[in-house]
Each structure stands twice: as structure tokens, then as C-alpha cells.
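Shown next, in C-alpha cells, is the structure this report addresses.
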Amino acid sequence: MTSTTTRPKLDSPVSQLPPEILIRIFQVLVNDTLRCRDGPQSNAIACGRQSPCGPYAWIRVSHVCQQWRAVCLACPLLWSSITITHRTDLMQAMLERSRKVPLDVRSSAGT
Numbered sequence: 001m002t003s004t005t006t007r008p009k010l011d012s013p014v015s016q017l018p019p020e021i022l023i024r025i026f027q028v029l030v031n032d033t034l035r036c037r038d039g040p041q042s043n044a045i046a047c048g049r050q051s052p053c054g055p056y057a058w059i060r061v062s063h064v065c066q067q068w069r070a071v072c073l074a075c076p077l078l079w080s081s082i083t084i085t086h087r088t089d090l091m092q093a094m095l096e097r098s099r100k101v102p103l104d105v106r107s108s109a110g111t
């Protein structure tokens, strides 16, 4: 029996970006989410998104891969814009991850 051969790992260009560049990209996503949240309607149709839009929608990027999660968790500024919602678990996580950076706390009715 022959041994199974493994394919070489093919890294995509985005996986080779330095953390500083990923952080800037994630900051743009956070700001985009804030603009969507502050608009007249906080939904996908109002801001032209194809996916759900909410105050914490950007957090999905931290679930893409281990590298992105590590980058997100290491940057307290990404976690410093907190929207008061019924999701106290998310608000608590945001507070913990923002560490000691200044916070931007907002209220969002109906979120």
C-alpha cells in the first residue's frame, strides 16, 4: 500500500497580510457597521448589504480563521464601540476586550 500524499498548503494572499493591515481592514468594517447602525434603518436593505447588519455584525470576521481571531482579540480599539442592546453577553465581551481604551457607548432601540 502506498502512503497518502498530502498537498502543499496553499496560502491565499490575504493570509499573508501583516496584522497591522488586517487591523486597518477590520477598523474599516467596524466603521462601516457603525454607519449602518446610525442610519435611518439598521437593516441590510437600508445600507445596501447582502447580509444582516447590526451593531455587532462585524464580529463575524473574528470567526473566519485562527489568525483573524487572534488579530481581532489583540486589538482593543476594535472592541471599543459598544451598543447597548439586549445581548448583555456581547456587551460584556466588548468591555473585556476593549481593555483600557476610551469607549464609544451608544443606545440602539430595537436591536
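Heads up: the sequence shown begins at 1 in the numbering used here, then just goes up one per residue. Glycine residues also receive a C-beta, built at the ideal position from the N, C-alpha and C atoms.
Beta-bridge pairing of residue i - partner residues as DSSP gives them
i            : result
valine 61    : DSSP output for valine 61 lists no bridge partner at all.
threonine 33 : DSSP, once it has assigned bridges, lists no residue as partnering threonine 33.
serine 81    : Asp104
Residue closest to residue i, alpha-carbon to alpha-carbon, out of the options
i          : options                    : result
serine 108 : Ile82, Leu78, Glu96, Leu73 : Ile82
serine 98  : Asp11, Ser80, Ile59        : Ser80
Buried/exposed call for residue i, threshold 16 Cβ in 10 Å
i             : result
threonine 88  : exposed
proline 13    : exposed
isoleucine 21 : exposed
proline 55    : buried
valine 30     : buried
Sub-8 Å separation of residue i and residue j beta-carbons
i         : j            : result
serine 15 : glutamine 67 : yes
Counting pairs of beta carbons, one from the segment 56 to 71 and one from the segment 97 to 106, are three or more of them closer than 8 Å? Here the segment 56 to 71 does not lie against the segment 97 to 106, with fewer than 3 beta-carbon pairs under 8 Å apart.
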